[in-house]
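Residue numbers (the UniProt record's numbering): 1 to 266.
Okay, so here's the structure we're looking at.
Here it is as structure tokens:
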């Protein structure tokens with residue numbers, strides 16, 4: 001069973017996010033991703049802005065709208081959350097796009113979480129409802145593995161999106177995955193692969209990171225989570241923290257997704 005940082009009680013607190021400086025691979029988007037970064041915006045001089053300010057009415061000016069990518073995750077011991085925060089850094093690094101962190105609702109009682117030695121959740125990250133998902137321009141879903149597929153908390157959230165499916169409010173939205181597993185055979189690929197069915201039924205567009213991370217995808221000198229399906233971390237028995245390589249891939253995926261969303265909304 002892949003523990004996903006959530007099947008064996010952790011002996012440490014929530015893993016800190018190592019390093020704040022982006023890796024050269026993540027920063028070099030023009031070399032590692034087939035989608036060129038385009039920071040130019042098309043704004044109709046200053047006339048429309050001036051009219052909006054003088055009248056006190058907020059108007060949508062071409063190029064001024066910020067696209068939002070929701071980073072929706074479940075994290076029991078903090079491994080997935082560590083990836084989520086670096087994904088946000090990557091998204092925020094692309095002009096005109098911002099990442100918004102959300103948690104899915106917890107399904108376990110406080111007593112059970114205490115017995116599992118799960119650290120308290122960060123109240124600064126709000127819990128998302130299914131209805132709020134429709135406001136996203138793109139979504140990155142993160143979750144630990146349970147026997148090679150997503151944790152029950154994330155599945156419960158997907159199960160609550162029936163009304164969105166009925167109204168087709170998520171159809172056409174790009175989405176991707178990032179995961180946490182306990183071991184190398186714990187489901188770094190299958191956890192994301194089996195989750196694609198959720199996107200297919202909603203008509204969402206799966207955006208894998210592929211091998212756009214360049215040389216970072218081929219490093220064999222150290223343990224590294226992640227796959228062409230998305231960023232990932234090995235949690236071991238719950239005490240291993242994400243490596244800088246794993247976090248750098250997450251940051252790159254955030255930037256890559258932001259560029260895809262920006263291109264699709266051009």
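C-beta: ideal position from N, C-alpha, C; glycine also.
Keep in mind the model is a prediction, meaning the values are calculated, not measured.
* Going by other Cβ atoms of all chains shown within 10 Å of its Cβ, with 16 needed for buried, is residue 74 buried or exposed? -> Taking all protein chains in view, the Cβ of residue 74 is crowded by 16 or more other Cβ atoms within 10 Å, so the residue is classified as buried.
* Asked: Mind checking residue 126: buried by the 16 CB within 10 Å criterion, or exposed?
  -> Its Cβ having fewer than 16 others within 10 Å, residue 126 is exposed.
* To do: Please find out if some non-hydrogen atom of the ligand ATP comes closer than 7 Å to the beta-carbon of residue 104.
  => The ligand ATP is absent from the structure shown, which contains no ligands of any kind.
* Bounding residues of the beta strand (DSSP E) (the contiguous stretch that carries residue 277) -> The requested residue 277 does not occur in the structure, where the chain is confined to residues 1 to 266.
* How big is the Cα-Cα spacing for residue 70 and residue 100? -> In a straight line, the C-alpha of residue 70 is about 5 Å away from that of residue 100.
* Asked: Where does residue 211 land, buried or exposed, given buried means 16+ other C-beta within 10 angstroms?
  -> Exposed, by the Cβ-count rule.
* **Sequence-distant residues of its chain with Cβ nearer than 6 Å to residue 199 (five each side left out)** => Same-chain partners within the cutoff: 175 and 206.
* **Cutoff 8 Å; reference residue 107; Cβ partners in own chain excluding five residues on either side** => Excluding the 5 residues flanking it on each side, residue 107 has same chain C-beta neighbours closer than 8 Å at 152, 153 and 156, in chain order.
* **Distance between beta carbons of residue 149 and residue 190, contact taken as under 8 Å** => Under the criterion of beta carbons closer than 8 Å, residue 190 and residue 149 qualify as touching, at roughly 7 Å.
* Report all residues from its chain with a CB closer than 7 Å to the CB of residue 121; omit the five preceding and five following residues, and keep chain order. => The residues are 103.
* **Straight-line Cα distance separating residue 178 from residue 80** => It is roughly 8 Å from the alpha-carbon of residue 80 to the alpha-carbon of residue 178.
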